[in-house]
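Q: Sharing a structure below in structure tokens format, with a few things to ask.
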Amino acid sequence: MATATPTPARARRTTAGVVVIGNEVLSAKIADGNGPQILRRFADIGVRVGELSVLADDRDRIAEVVGAFAARFDLVVTTGGVGPTHDDCTWHAVGQAFGAPMRLHAELARKVAAHLGAPLTPEQERLALLPEGAELVPVEGRWPLVRMRNVYVLPGVPSLVERNLRQIATLVQAAGGARPGHLATAYFTVEEWHAVAHIDRVVADHPEVEIGSYPVFDAPDYKLRLTFEHDDRGQVRDAVEAMIGAVGAGQWVRTEWRAA
């Protein structure tokens, strides 16, 4: 089980909330790959994801969660529920979250009409209905990224999510909010329940380092995996060395490092 203590250094990172939307995800008609993709991308650039929520196509509930996330995190990313059909309610929910009426976005309507090669029908105009105040962010490809304040609303198509995430990452990095930290993973032959007292002591002695403890049952050479994460490599190193000393060097297998 993970044990975490927030620190001032961690608080300087950009924080994010993620909302995956769709009845098809909750009913297992579609296996969601967008949530993990977003988590990996944000981990790579040092954005701290505070919460991921998977929601049904329920406008009121989406509005409630998006509004709460927008107030709590620096940025919010939603996927799914974008389109012209009856179950595509994400934009209306985002508008509801901010108290913004829906308006036909002229620039987006022009892009949709150009793509279709004809004036839009009332049904097709739904593709260009956005909350008042929403803005288009240029990205590679035909369709822009759409942002409402600090909320980025992405479609559910994984390839489009990937493309839009690249642009979001660029924006975060340009603003100086991407702060990759340091992650060390130490492996031990001891079982977790025999190491709890040692883990508790190191956690207490290194409150600024986020330490996670994970028992392992199927590895040939270790039974416990401990992770240590912080923006300062020296603090991570000190915590790792303290843990090895506490658990016992004879129980330690190896330590792996990467950016976090």
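Residue numbering for the sequence shown follows my numbering, beginning at 758 and increasing consecutively. Built from N, CA and C at the ideal position, the CB exists for glycine as well. Just so it is clear, the structure is predicted and the values come from calculations on it, not from any experiment.
(1) Can you look up Phe830 in the DSSP assignment and give me helix, strand or coil?
(2) Quick check: the Cα distance between Val960 and Ala996, rounded to an integer number of angstroms?
(3) So, is Ser970 buried or exposed, given that buried needs 16 or more other C-beta atoms within 10 angstroms?
(4) Report the residue ranges of all alpha helix (DSSP H) runs contained in full by the stretch 766-842; include only those spanning at least 4 residues, in chain order.
(5) Tell me whether the stretch 840-855 and the stretch 878-891 touch, counting them as touching only if at least three CB pairs, one residue from each stretch, are closer than 8 Å.
(6) Within 10 angstroms of the Cβ of Leu917, are there 16 or more other Cβ atoms? Answer buried if so, exposed if not.
(7) Between the Cα of Arg936 and the Cα atoms of Ala785, Gly779, Arg805 and Ser784, which residue gives the shortest distance?
(8) Name, in chain order, the residues that DSSP records as bridge partners for Pro888.
(9) Relative to the C-alpha of Ser784, which residue among Asp814, Ala850, Arg906 and Ala773 is closest?
(10) Less than 8 Å between the C-beta atoms of Ala773 and Val833, yes or no?
(11) Report the rounded CA-to-CA distance for His955 versus Asp978, giving the unit in angstroms.
(12) Which same chain residues, not among the five before or five after Val973, have their C-beta less than 7 Å away from its C-beta?
(13) Rounded to whole angstroms, what is the Cα-Cα separation between Ile787 and Glu781?
(14) My understanding is that Val894 touches Leu902, with C-beta atoms under 8 Å, so please give their C-beta distance in whole angstroms.
A: In short, the structure shows the following:
(1) As a first step, residue 830 is located in the sequence shown; it is residue number 73 there, counting from the start. Note: Phe830 maps to coil in three-state DSSP.
(2) As a working note, residue 960 is residue 203 in the sequence shown. As a working note, residue 996 is residue 239 in the sequence shown. Taking the straight line joining both Cα atoms gives about 8 Å.
(3) By one-based count along the sequence shown, residue 970 stands at place 213. Its Cβ being crowded by 16 or more others within 10 Å, Ser970 is buried.
(4) 780-783, 791-802 and 816-829
(5) yes
(6) Position 160 of the sequence shown, counted from the first residue, corresponds to residue 917. Counting Cβ neighbours within 10 Å, Leu917 comes out buried, since at least 16 surround it.
(7) The residue labelled residue 936 in the question sits at position 179 within the sequence shown. Closest by alpha carbon: Arg805.
(8) In the sequence shown, counting from the first residue as 1, residue 888 sits at position 131. Answer is Met859, bridged to Pro888.
(9) In the sequence shown, residue 784 corresponds to position 27, counting from 1. Residue Asp814 is the option with its Cα nearest to Ser784.
(10) If you number the sequence shown from 1, residue 773 lands on position 16. If you number the sequence shown from 1, residue 833 lands on position 76. Contact: yes.
(11) Counting from 1 along the sequence shown, the entry for residue 955 is found at position 198. Counting from 1 along the sequence shown, the entry for residue 978 is found at position 221. Taking the straight line joining both Cα atoms gives about 20 Å.
(12) Numbered from its first residue, the sequence shown carries residue 973 at position 216. Tyr979, Lys980, Leu981 and Arg982, listed in sequence order.
(13) Working through the sequence shown from its first residue, we reach residue 787 at position 30. Working through the sequence shown from its first residue, we reach residue 781 at position 24. Going from the Cα of Ile787 to the Cα of Glu781 covers about 6 Å.
(14) Taking the first residue of the sequence shown as position 1, residue 894 is located at position 137. Taking the first residue of the sequence shown as position 1, residue 902 is located at position 145. The C-beta distance from Val894 to Leu902 rounds to 4 Å, short enough to fall under 8 Å.
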